[in-house]
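*Asks:* With the numbering used here, letter number 227 in the sequence shown gets 399, and the count goes up by one each step, no holes.
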Amino acid sequence: MSALFDRRPTADASGSSAVAAGGSIGQAVTGPGAVGLHIENVAALLPDACPPAESVRAPARLTNLPFRADLCLGRDAQLALLHDARGTSGRPLVHVVHGLGGIGKSTLVARMAAEHTGAGPVWWIKAGSRAAIDAGLAHLASVLQPSLGTVLPREQMSEWALRWLTAHTGWLVVLDDVAHPADAVPLLARVTSGRFLITSRLTAGWQGIAEEVPLGVLSPQDAVRLFTEIHGADPDAARLCAELGHLPLAVTQAAAYCRMTHCTASTYLEELAKSPADMYAETVEGGDHERTVARVWHVTLDRLADDPLAVRILLMLAWYASEGIPRDLFASLDRSLAVRRAFGRLAAHSMITLSGDTVSVHRLVQAVSRAHSPGDRHRGQEAVEAARGAAVDALAVALPEDMDEPSAWPVMRSLLPHAEALAEHVRCEDDTPAMVRLLARTGDYLLDSGGKAAARGMELLRRAEAGCLRLHGAEAEETLEVRVALARVTRMLRPLAESAPLAETVVADCTRILGADHLVTLDALSNLRRIVWLKGDADRAVRLAEECLAGLVRLRGPDHPDTLRARHDLVMTLDDTAGEAGTRDMRAELLRDCRRALGEEHPVTLSVRNLDTVLARRPVFHPDVNQTVAGLFSVAEEGDREDLLGLVRVLMDQVMALGPLDDFLPRTTEEDVRKAERDLETSRRVLGDASTGVLEAQLALLLVYGTSRDERYEEAATALLQELFAQLSENPSVMTPLLRVLEAFGSVLGETARPEGS
Numbered sequence: 173m174s175a176l177f178d179r180r181p182t183a184d185a186s187g188s189s190a191v192a193a194g195g196s197i198g199q200a201v202t203g204p205g206a207v208g209l210h211i212e213n214v215a216a217l218l219p220d221a222c223p224p225a226e227s228v229r230a231p232a233r234l235t236n237l238p239f240r241a242d243l244c245l246g247r248d249a250q251l252a253l254l255h256d257a258r259g260t261s262g263r264p265l266v267h268v269v270h271g272l273g274g275i276g277k278s279t280l281v282a283r284m285a286a287e288h289t290g291a292g293p294v295w296w297i298k299a300g301s302r303a304a305i306d307a308g309l310a311h312l313a314s315v316l317q318p319s320l321g322t323v324l325p326r327e328q329m330s331e332w333a334l335r336w337l338t339a340h341t342g343w344l345v346v347l348d349d350v351a352h353p354a355d356a357v358p359l360l361a362r363v364t365s366g367r368f369l370i371t372s373r374l375t376a377g378w379q380g381i382a383e384e385v386p387l388g389v390l391s392p393q394d395a396v397r398l399f400t401e402i403h404g405a406d407p408d409a410a411r412l413c414a415e416l417g418h419l420p421l422a423v424t425q426a427a428a429y430c431r432m433t434h435c436t437a438s439t440y441l442e443e444l445a446k447s448p449a450d451m452y453a454e455t456v457e458g459g460d461h462e463r464t465v466a467r468v469w470h471v472t473l474d475r476l477a478d479d480p481l482a483v484r485i486l487l488m489l490a491w492y493a494s495e496g497i498p499r500d501l502f503a504s505l506d507r508s509l510a511v512r513r514a515f516g517r518l519a520a521h522s523m524i525t526l527s528g529d530t531v532s533v534h535r536l537v538q539a540v541s542r543a544h545s546p547g548d549r550h551r552g553q554e555a556v557e558a559a560r561g562a563a564v565d566a567l568a569v570a571l572p573e574d575m576d577e578p579s580a581w582p583v584m585r586s587l588l589p590h591a592e593a594l595a596e597h598v599r600c601e602d603d604t605p606a607m608v609r610l611l612a613r614t615g616d617y618l619l620d621s622g623g624k625a626a627a628r629g630m631e632l633l634r635r636a637e638a639g640c641l642r643l644h645g646a647e648a649e650e651t652l653e654v655r656v657a658l659a660r661v662t663r664m665l666r667p668l669a670e671s672a673p674l675a676e677t678v679v680a681d682c683t684r685i686l687g688a689d690h691l692v693t694l695d696a697l698s699n700l701r702r703i704v705w706l707k708g709d710a711d712r713a714v715r716l717a718e719e720c721l722a723g724l725v726r727l728r729g730p731d732h733p734d735t736l737r738a739r740h741d742l743v744m745t746l747d748d749t750a751g752e753a754g755t756r757d758m759r760a761e762l763l764r765d766c767r768r769a770l771g772e773e774h775p776v777t778l779s780v781r782n783l784d785t786v787l788a789r790r791p792v793f794h795p796d797v798n799q800t801v802a803g804l805f806s807v808a809e810e811g812d813r814e815d816l817l818g819l820v821r822v823l824m825d826q827v828m829a830l831g832p833l834d835d836f837l838p839r840t841t842e843e844d845v846r847k848a849e850r851d852l853e854t855s856r857r858v859l860g861d862a863s864t865g866v867l868e869a870q871l872a873l874l875l876v877y878g879t880s881r882d883e884r885y886e887e888a889a890t891a892l893l894q895e896l897f898a899q900l901s902e903n904p905s906v907m908t909p910l911l912r913v914l915e916a917f918g919s920v921l922g923e924t925a926r927p928e929g930s
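1. State whether the region 399-411 contacts the region 368-375, with contact taken as three or more CB pairs (one from each stretch) at a distance under 8 Å.
2. Do Glu457 and Thr464 have their beta-carbon atoms positioned less than 8 Å apart in this structure?
3. Between Asp478 and Leu441, which are expected to be in contact by the criterion C-beta below 8 Å, what is the C-beta distance as a whole number of angstroms?
4. May I ask you to report which of helix, strand or coil DSSP gives Thr436?
5. What are the residues that DSSP puts in a beta bridge with Ile931?
6. Taking Cβ positions, are Ala354 and Ala333 nearer each other than 8 Å?
7. Taking Thr854 as part of the alpha helix (DSSP H), name the residues at either end of that continuous run.
8. Look up Ser931 in the DSSP assignment and give the residues it is bridged to.
9. Which whole-angstrom value describes the C-beta separation of Arg517 and Ala482, a residue pair presumed to lie in contact below a C-beta threshold of 8 Å?
10. What's the call for Gln894, buried or exposed, on a 16-neighbour Cβ count within 10 Å?
11. Return the chain-ordered ranges of every beta strand (DSSP E) run that is complete within the region 457-489 and spans a minimum of 3 residues.
12. Compare the beta carbon distance of Arg856 and Val866 with 8 Å and say whether it is the shorter of the two.
13. First and last residue of the alpha helix (DSSP H) that includes Glu401?
14. State the DSSP-derived secondary structure class of Arg247, mapped to helix, strand or coil.
15. What whole-angstrom Cβ distance do Val339 and Glu226 have, given they're in contact under 8 Å?
16. Whole angstroms are fine: how far does the CA of Lys446 sit from the CA of Leu787?
17. For the alpha helix (DSSP H) holding Ser319, just list the boundary residues, first then last.
18. Whole angstroms is fine: what's the gap from Ala916's alpha carbon to Val822's?
19. Could you check whether Val876 and Val845 sit closer than 8 Å to each other, using their CB atoms as the reference points?
20. From the DSSP output, which residues share a beta bridge with Glu384?
21. Measuring alpha carbon to alpha carbon, tell me which of Glu287, Phe502, Ala282 and Ala291 ends up nearest Ile297.
22. Measure the alpha-carbon distance for Ala738 versus Leu643 and round it to whole angstroms.
23. Please determine, among Asp248, Tyr492, Gly615 and Ala405, the residue with the shortest C-alpha to C-alpha distance to Ser391.
24. Taking C-beta to C-beta, are Ala612 and Ala636 nearer than 8 Å?
25. Only counting the same chain, and skipping five residues up and downstream in sequence, which positions put a Cβ closer than 6 Å to that of Ile524?
26. Rounding to the nearest angstrom, what Cα-Cα distance links Val656 and Leu444 in this structure?
27. Could you pull out every residue in the same chain whose Cβ sits closer than 6 Å to the Cβ of Val214, ignoring the five residues on either side in sequence?
28. For Asp574, count neighbouring C-beta atoms within 10 Å of its own C-beta (all shown protein chains included) and say buried if the count is 16 or more, exposed if not.
29. Please name the residue or residues paired with Ser372 in a DSSP beta bridge.
30. So what does DSSP say about Leu911, is it helix, strand or coil?
31. If you draw a straight line from the C-alpha of Lys277 to the C-alpha of Ala286, how long is it?
32. By DSSP's criteria, Arg367 is part of a beta bridge. Which residues make up the other side?
33. Quick one: Cα of Arg180 to Cα of Cys222, how far?
34. In the DSSP assignment, what residue or residues form a beta bridge with Pro498?
35. Alpha carbons only, please: which of Ala395, Pro224, Lys847 and Ala558 is nearest the one belonging to Gln870?
36. In or out: Gly474 buried (at least 16 other Cβ within 10 Å) or exposed?
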């Protein structure tokens with residue numbers, strides 16, 4: 173620009189009290205007591221621009237609901253409660269819907285708000301902070317009176333909206349995702365009418381502020397309905413919804429993904445198993461990434477970031493079963509007050525549920541917490557792996573030292589689901605010495621439950637063996653101990669042709685590496701004794717039983733449960749050669765010693781009582797007959813039908829040659845029946861229904877019923893026999909040979925009943 177056009181007015185002043193102005197002057201003092209004012213712009217405010225809030229009427233059907241909640245399934249009870257609620261004079265009606273992120277709080281409230289029948293507006297406020305609430309109120313004011321936005325600052329607009337709410341009725345305000353109850357209190361305290369619906373992840377702090385409406389997951393049926401409404405029918409929808417814990421957000425996310433990609437629920441499950449972190453973060457095209465399962469709880473963790481212990485506990489909880497997690501597992505993490513506070517905060521934010529001394533967590537919260545995410549400051553790889561190791565160590569330490577002690581069983585039963593959950597979630601290659609020990613002890617515990625539990629125990633023991641070989645070597649005591657347990661479960665679940673060679677090898681290895689006088693070696697010897705006995709070699713079985721007993725007396729002492737159990741095994745083995753009369757005094761002495769040393773209800777005592785009942789009432793046959801009976805099982809196991817039929821014919825000929833069967837069956841009294849029934853009841857109470865000790869008591873009672881020859885017990889005996897078959901059906905290694913024997917007897921009996929020459 174040239175100097176010509178860059179000139180500005182100049183001003184000169186001279187004289188007393190003179191003023192020269194060369195720019196914009198708002199105020200100038202020109203002399204004592206004199207002021208000069210210069211006003212460039214004047215804004216004239218019309219009276220209607222900022223009317224009193226009390227005088228403004230809302231537009232008809234004013235609303236700003238952010239979405240339509242057409243798919244609000246399975247919430248009829250909560251909607252009815254909200255519809256039927258009535259307020260009191262001088263106070264607004266206030267409800268807070270709280271629960272886990274993704275549980276459907278906003279959906280429920282949106283449906284309720286859409287059904288609002290009041291005359292006033294329905295206004296939705298994102299209420300994550302007090303400032304957000306004020307901003308939402310200011311927005312309401314600007315809609316009710318648009319001119320306010322040009323004349324009032326936001327603070328005064330919020331105040332204007334508050335006065336409007338106080339002066340009017342029939343309106344509904346939603347405060348969505350309130351982070352702290354205290355943020356809503358100033359608003360709720362000022363207003364005297366209308367209705368508020370609040371959603372929050374916080375379950376604590378609402379007393380005296382709002383009526384609480386807790387929200388849980390959907391029922392299995394409603395979860396499948398939700399999936400079907402979005403995607404369409406799918407045969408695996410129920411399985412997918414169960415895997416997602418029936419959480420509405422997760423079901424909706426999965427159904428939308430399946431619909432967009434034209435994949436099935438089964439395919440989604442496969443992808444979820446392979447890449448959980450990716451699938452939990454998946455959203456449909458144009459969807460809200462922040463409303464995915466992977467992100468929805470990130471907000472809560474951010475709010476808990478000032479308490480690292482709470483986040484650490486949550487990541488540890490992810491590795492256990494979802495319910496009944498003992499709080500004692502976390503006692504060593506910090507001072508008791510700090511741990512208690514961390515649990516309290518997690519519960520307050522709906523991330524866990526506290527019940528006495530246990531914790532529950534939604535399975536999907538666990539799944540997300542186990543899936544590390546590189547961009548997540550809470551779930552980085554290092555944090556997730558540290559939590560996994562801490563979870564393993566805590567549970568390994570918590571396992572009872574002596575699992576044979578009855579006092580340890582309730583503890584073990586409470587920890588068992590969490591040990592099995594760890595086995596499912598931890599990869600084999602990540603097994604540590606603590607994890608291997610946990611697998612071995614849990615697998616060993618499961619063996620005594622028989623059936624499916626024993627099969628699960630076998631899987632754990634095989635994995636423990638692989639871990640021991642990798643971490644300790646083939647000749648370590650830990651490895652041999654696991655191999656002995658594997659040999660025992662193989663004898664329980666597999667044919668003798670498979671279990672016998674394994675048992676012989678394990679005994680030889682233990683004797684060579686650990687020596688004959690070692691508890692692990694004696695345990696292997698006891699297992700071999702059972703196999704030899706089942707194969708019908710009574711003489712060798714007796715020698716092995718005597719060798720095992722002598723070793724335990726030296727190492728454990730005469731009154732140890734293991735020693736007394738070895739005496740039980742010896743009596744049972746000797747019965748095949750010495751007969752019932754030959755072992756009667758031994759059984760009586762053993763039962764007295766068990767009662768004295770262990771008590772009336774110790775498992776070994778109960779087992780000895782059952783053995784006494786069975787041996788005292790077993791038919792007294794010639795040794796040749798006993799030997800034939802003993803051989804039936806091994807022949808049936810081999811599966812040669814002609815050999816089995818031949819052995820059954822021999823047995824029936826031997827029995828028929830002895831004369832009337834009643835001469836060989838002991839007579840049972842009514843008191844014998846009552847005693848056997850009491851023994852079964854005691855075994856159920858002490859050992860639990862799934863224990864092999866209960867199976868022994870059932871067999872003893874069935875024998876007592878049979879030898880009573882009393883028709884009154886036929887119905888009870890039939891029911892007991894059906895229960896036994898149901899349990900044995902879970903164990904093919906027992907059930908298959910047993911069915912073969914029964915079929916062979918049926919065939920032979922059919923031959924004898926068939927007319928000659930037909």
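Backbone N, C-alpha and C fix where the C-beta goes; we use that ideal spot for every residue, glycine too.
*Replies:* According to the data block:
1. Touching, no.
2. Cβ atoms of Thr464 and Glu457: not closer than 8 Å.
3. Incorrect: roughly 37 Å between the Cβ atoms, too far for contact.
4. In the structure shown, Thr436 sits in coil (DSSP, three-state: anything other than H, G, I, E or B).
5. Outside the modelled stretch of the chain, which goes from 173 to 930, sits residue 931, for which no answer is possible.
6. It is not a contact, given that the beta carbons lie outside the stated cut-off.
7. For Thr854, the enclosing alpha helix (DSSP H) begins and ends at Glu842 to Leu859.
8. It is not possible to answer for residue 931, since the shown part of the chain is limited to 173 through 930.
9. For Arg517 against Ala482, the beta-carbon gap comes to about 5 Å, under 8 Å, which counts as contact.
10. The residue in question, Gln894, is exposed, as its Cβ has fewer than 16 Cβ neighbours within 10 Å.
11. Runs of the beta strand (DSSP E) spanning 3 or more residues and lying entirely within the region 457-489 do not occur at all.
12. Result yes, Cβ atoms of Arg856 and Val866 sit closer than 8 Å.
13. Note, Glu401: alpha helix (DSSP H), Pro392 to His403.
14. Residue state, collapsed to three classes: coil.
15. Val is not the amino acid found at residue 339; the sequence shown has Ala there. Between Glu226 and Ala339 the Cβ distance is about 4 Å, and since that is below 8 Å, they are a contact.
16. Going from the Cα of Leu787 to the Cα of Lys446 covers about 55 Å.
17. No alpha helix (DSSP H) contains Ser319, which DSSP labels as neither H nor E.
18. Straight-line measurement puts the Cα of Val822 at about 12 Å from the Cα of Ala916.
19. Their beta carbons are under 8 Å apart, which means Val845 touches Val876 by this criterion.
20. Glu384 is bridged to Val268.
21. In terms of Cα proximity to Ile297, the closest of Glu287, Phe502, Ala282 and Ala291 is Ala282.
22. Going from the Cα of Ala738 to the Cα of Leu643 covers about 33 Å.
23. The shortest CA-to-CA distance from Ser391 to any of Asp248, Tyr492, Gly615 and Ala405 is the one to Asp248.
24. Cβ distance < 8 Å, so Ala612 and Ala636 count as in contact.
25. Setting aside the 5 residues that flank it on each side, Ile524 is surrounded in the same chain by Leu518, Val531 and Val533, each with a C-beta closer than 6 Å to its C-beta; the list follows chain order.
26. Rounded to whole angstroms, Val656 to Leu444 spans 38 Å at the Cα level.
27. Here the model assigns Val214 a pLDDT of 47, short of 50, so the residue's position is not dependable, and the following value carries that caveat. Within the same chain, and ignoring the five residues on either side of Val214 in sequence, no residue has its Cβ closer than 6 Å to its Cβ.
28. Asp574 counts as exposed, since fewer than 16 other C-beta atoms from the protein chains shown sit within 10 angstroms of its C-beta.
29. His270, per the DSSP bridge assignment.
30. The answer is helix: DSSP assigns Leu911 an H, G or I state.
31. Take the alpha-carbon of Lys277 and the one of Ala286: they are about 14 Å apart.
32. Bridge partners of Arg367: Leu265 and Leu344.
33. With a pLDDT of 46 at Arg180, under the threshold of 50, the modelled position of this residue cannot be trusted; read the value that follows with caution. Taking the straight line from one Cα to the other gives about 41 Å.
34. Partner(s): Thr530.
35. The shortest CA-to-CA distance from Gln870 to any of Ala395, Pro224, Lys847 and Ala558 is the one to Lys847.
36. It should be pointed out that residue 474 corresponds to Asp in this sequence rather than to Gly. Per the 10 Å Cβ criterion, exposed.
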